[in-house]
Amino acid sequence: MFLDFMNEVQSLLYEAAKVCGWDQIPTNGFGMLEISPHADLASSIAFRLAPQLSKSPQSIAKDLCDAIEIPAGSMVDRVEQAGPYLNFFMSNSSLASILWEAQGGDCWKGRLSQRVIVEHTSANPNGPLHVGHIRNSVIGDTLARVLRRAGCTVETQYYVNDMGRQIAIVVWGCDHYPLEEIKADHAIAKVYIEANRAITERPELVSEINRQIQLYEAGDPQALGKVKVAVDHAISGIEDTLHRLNIRHDSYHWESEYARSGEMAKLIEQLEGTGLTGWEDGSLQLDLSADGFEKNMVLMRGDGTSLYISRDLAYHRWKSERCDRMVDVLGADHKLISAQLKAALDLLGIPAPEVVIFEFVSLPTGSMSTRRGKFITADELLDEVEKQAYMEVSTRRPEESEEFRREVAREVALGAVRYDVVKVSPEKATTFDWKAALDFEKLSAPFIQYSHARACSILRKADLPEQFDPSLLTGEAEVALIKKIAQFDLIVDKAARELKPHQLATYARELAEAFNGFYRYSPVIEAPSGLREARLALVNAARNALRVTLDTLGIPALESM
RNA sequence: GGACCCGUGGCUUAGCCAGGAUAUAGCACCGGGCUUCUAACCCGGGGGUCGCGGGUUCGAAUCCCGCCGGGUCCGCCA
2 MFLDFMNEVQ
12 SLLYEAAKVC
22 GWDQIPTNGF
32 GMLEISPHAD
42 LASSIAFRLA
52 PQLSKSPQSI
62 AKDLCDAIEI
72 PAGSMVDRVE
82 QAGPYLNFFM
92 SNSSLASILW
102 EAQGGDCWKG
112 RLSQRVIVEH
122 TSANPNGPLH
132 VGHIRNSVIG
142 DTLARVLRRA
152 GCTVETQYYV
162 NDMGRQIAIV
172 VWGCDHYPLE
182 EIKADHAIAK
192 VYIEANRAIT
202 ERPELVSEIN
212 RQIQLYEAGD
222 PQALGKVKVA
232 VDHAISGIED
242 TLHRLNIRHD
252 SYHWESEYAR
262 SGEMAKLIEQ
272 LEGTGLTGWE
282 DGSLQLDLSA
292 DGFEKNMVLM
302 RGDGTSLYIS
312 RDLAYHRWKS
322 ERCDRMVDVL
332 GADHKLISAQ
342 LKAALDLLGI
352 PAPEVVIFEF
362 VSLPTGSMST
372 RRGKFITADE
382 LLDEVEKQAY
392 MEVSTRRPEE
402 SEEFRREVAR
412 EVALGAVRYD
422 VVKVSPEKAT
432 TFDWKAALDF
442 EKLSAPFIQY
452 SHARACSILR
462 KADLPEQFDP
472 SLLTGEAEVA
482 LIKKIAQFDL
492 IVDKAARELK
502 PHQLATYARE
512 LAEAFNGFYR
522 YSPVIEAPSG
532 LREARLALVN
542 AARNALRVTL
552 DTLGIPALES
562 M
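Counted the way my numbering counts, the first sequence spans residues 2 to 562.
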């Protein structure tokens with residue numbers, strides 16, 4: 002749809018430049034087009050050519066405009082010169098074909114084809130996910146959905162830290178305190194917080210923790226069993242929360258797999274082969290100063306146990322052999338370590354991951370901490386939002402059954418939480434705000450879900466037409482809606498390439514706005530015959546686009562709410 | 001101290017990487033719209049030195065330099 006239109010405009014521009022003899026001029030500006038209020042696509046290429054041609058942008062734009070020859074059957078209707086700009090407009094016939102295409106379910110798949118592994122969440126199994134963790138989960142899961150929609154084959158992975166100090170502390174805690182009969186991850190957190198308190202009060206316990214780490218790494222069967230029980234318990238609770246958010250991982254990979262399989266040892270051996278490693282202060286270290294890193298990277302502790310980074314290197318090599326693109330979603334605290342990881346992988350010629358960094362979510366009272374028990378859990382957030390949604394739906398739809406209202410509340414809450422997270426660009430640090438989280442107005446998932454429900458409501462009242470005449474849809478809102486629907490493939494393609502999921506959130510809002518604008522001024526059911534069929538087809542196209550957009554955001558597309 | 005990220009109306013935010021035509025939306029505020037397909041909606045209004053100061057450019061929210069403010073990191077933690 003829009004991608005085709007854009008490609009056509011690009012080649013028209015390039016062909017015109019060739020006619021003018023300017024195609025050899027070094028500029029990639031021929032492909033730089035923008036969706037603008039003045040045109041379906043606008044080019045400012047004339048500005049970039051001007052210094053090199055010593056001509057005014059206006060006259061360059063005029064020459065290009067004159068040289069453009071639109072072939073028969075093109076999606077491009079016309080090009081207009083507006084001063085230095087070139088404005089391209091879509092043809093009516095392409096609007097018609099967009100509408101026909103959008104009637105079906107097979108036009109929403111992109112043209113990418115890589116195998117992608119997306120690693121996200123990977124929270125330590127020492128407690129429940131909090132409102133900071135789910136920024137990782139929502140960004141990661143949305144990216145996975147965007148990549149799939151764009152045509153990629155995607156596997157999502159959760160990298161389980163079962164070897165770290167935190168887990169040794171959890172295991173020690175499970176040995177010394179009873180696990181309460183509450184949600185599993187919450188029970189683990191209580192034990193973990195308690196154990197941390199004990200260690201703070203009695204620092205001599207540290208040696209017991211170290212002993213646990215050594216036993217586990219050595220493969221002691223009892224230690225293995227204890228870790229498995231504790232980690233499985235925590236992960237089961239974390240999974241429950243992720244499921245509430247419509248998130249499932251395709252596979253889980255425990256760090257210890259890479260330590261025990263020998264893959265990590267092999268990798269360390271290869272790093273030693275670079276001549277950049279050495280034993281210093283009793284530990285094996287890698288010198289990355291050539292890449293601008295001040296401090297050495299420690300690969301092995303003095304006592305022979307491994308560190309997170311070494312296991313992570315092995316895990317990344319394993320991943321790199323199984324995909325074309327590796328995507329890691331990580332918090333801002335991982336910026337430095339992920340840059341070091343890339344540098345170390347680079348030394349061995351292993352492809353580095355694309356790292357999506359998101360900045361921290363803090364509370365109005367300061368930063369969150371699992372260890373200190375200072376956090377708002379994702380479960381708590383979902384519970385509260387669901388409660389609020391239940392009140393809203395009960396007010397609006399009092400005649401509906403309890404079951405209906407519960408289900409709508411659940412799906413509205415899940416959508417609201419996901420949208421709240423994904424709508425903000427990852428590089429912005431945010432402060433969690435209950436008021437904003439519980440607001441269901443325009444810049445929120447319910448706004449988009451509501452548009453979808455309205456479209457469904459119309460379609461329930463009439464059969465889809467076998468035939469319709471798209472040329473009857475000439476209203477401003479109608480044309481704008483068709484164009485917005487067409488942009489879906491462009492947005493998804495861009496978001497997938499650039500790994501920017503919030504672009505889809507913005508699009509979703511614009512699509513819903515376009516539909517609501519149409520809905521307000523264009524009666525469908527009561528429209529005269531002919532127009533009625535065409536509008537029904539447009540509602541169906543919009544419904545499909547909204548459904549697919551919501552689905553790609555991992556937000557339920559409610560048919561009634 | 002060093003490195004990286006952020007700083008856009010009262011609050012939240014898009015645009016920044018690939019510089020261009022009146023800077024995007026939401027909340028809050030003011031005004032209008034439900035006997036008509038779900039008003040979780042729509043229409044209109046006020047409100048912005050795009051942190052500050054330089055520079056590059058025909059043109060800077062966008063690029064460069066310096067400062068200020070906030071966040072993150074600089075562990076034989078993960």
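Beta carbons are placed, not taken as given, at the ideal position from N, Cα and C, and that holds for glycine.
Leaving out the 5 sequence neighbours to the left and right, which residues in its chain are closer than 7 Å to residue i when beta-carbon positions are compared?
i, result
"Ala199", "Leu206"
"Ile338", "Ile310"
"Arg411", "Glu387"
"Val155", "Val117, Val119, Ala145, Leu148 and Arg149"
Quick one: what's residue i bridged to in DSSP?
i, result
"Trp435", "Trp435 pairs with nothing; no bridge assigned."
"Phe90", "Arg79"
"Ala43", "Glu35 and Asn88"
"Asp329", "Glu120 and Val356"
"Tyr160", "His254"
"Val155", "Val117"
"Leu364", "Gly367"
Nearest-angstrom Cα distance between residue i and residue j?
i, j, result
"Asp470", "Ala506", "32 Å"
"Arg261", "Glu218", "8 Å"
"Ala558", "Ile248", "15 Å"
"Asp64", "Ala51", "12 Å"
"Gln53", "Pro427", "39 Å"
"Lys229", "Ala542", "50 Å"
"Asp440", "Arg406", "18 Å"
"Arg212", "Val232", "18 Å"
"Leu500", "Asp421", "18 Å"
"Ser55", "Cys66", "18 Å"
"Glu442", "Glu404", "24 Å"
"Leu4", "Cys108", "12 Å"
"Ala417", "Met562", "14 Å"
"Pro58", "Ala47", "5 Å"
"Val423", "Ile556", "11 Å"
"Ala437", "Leu444", "10 Å"
Less than 6 Å between C-beta atoms, sequence neighbours within five positions excluded: which residues of the same chain meet that for residue i?
i, result
"Lys227", "Val172"
"Val413", "Ala390 and Pro447"
"Arg245", "Leu383"
"Thr1", "In the structure displayed, the chain extends from 2 to 562; residue 1 sits before or after that span and is not available."
"Gly303", "Gly283 and Ser284"
"Tyr178", "Val192 and Glu195"
"Trp435", "none"
"Glu534", "Pro466 and Phe469"
"Ser95", "Met76"
"Thr157", "Val119, Ala145, His250 and Asp251"
Taking C-beta to C-beta, are residue i and residue j nearer than 8 Å?
i, j, result
"Leu331", "Leu314", "no"
"Ser284", "Met301", "yes"
"Leu13", "Ile61", "no"
"Phe294", "Ala333", "no"
"Leu272", "Leu287", "yes"
"Ser452", "Leu547", "yes"
"Thr553", "Val147", "yes"
"Cys175", "Val161", "no"
"Ser45", "Tyr86", "yes"
"Ala454", "Glu560", "yes"
"Arg510", "Ile449", "yes"
"Thr432", "Ser363", "yes"
"Pro1", "Asp325", "Missing from the structure shown is residue 1; the chain here goes from 2 to 562 and no further."
"Ala17", "Ala83", "no"
"Thr398", "Ala456", "A quick correction: the sequence has Arg, not Thr, at residue 398. Cβ distance not < 8 Å, so Arg398 and Ala456 don't count as in contact."
"Val1", "Ile140", "The requested residue 1 is not part of the displayed model; the chain covers only 2 to 562."
"Ala169", "Leu180", "no"
"Ile492", "Ala103", "no"
"Leu415", "Ala463", "no"
Less than 8 Å between C-beta atoms, sequence neighbours within five positions excluded: which residues of the same chain meet that for residue i?
i, result
"Gln11", "Phe31, Gly32 and Leu34"
"Arg318", "Glu264, Leu268, Leu346, Leu349 and Ile351"
"Val425", "Thr431 and His503"
"Ser237", "Ala185 and Asp186"
Is residue i near the ligand COA - that is, is its Cβ less than 7 Å away from at least one heavy atom of it?
i, result
"Asn137", "Inclusion of the ligand COA in the displayed structure is not the case, the ligand content being empty and no account of it being possible."
Can we say the stretch 125-132 touches the stretch 160-167, given the rule of at least three CB pairs closer than 8 Å? yes
Taking 8 Å as the threshold, find out whether the stretch 88-97 comes into contact with the stretch 38-45 through three or more Cβ pairs. yes
Give a yes or no on contact between the stretch 105-114 and the stretch 134-153, applying the rule of three or more CB pairs nearer than 8 Å. In short, these stretches touch, since the Cβ pair count reaches three.
Can you confirm whether the stretch 466-482 touches the stretch 505-524 when touching is taken to mean that 3 or more C-beta pairs between the two stretches lie within less than 8 Å? yes
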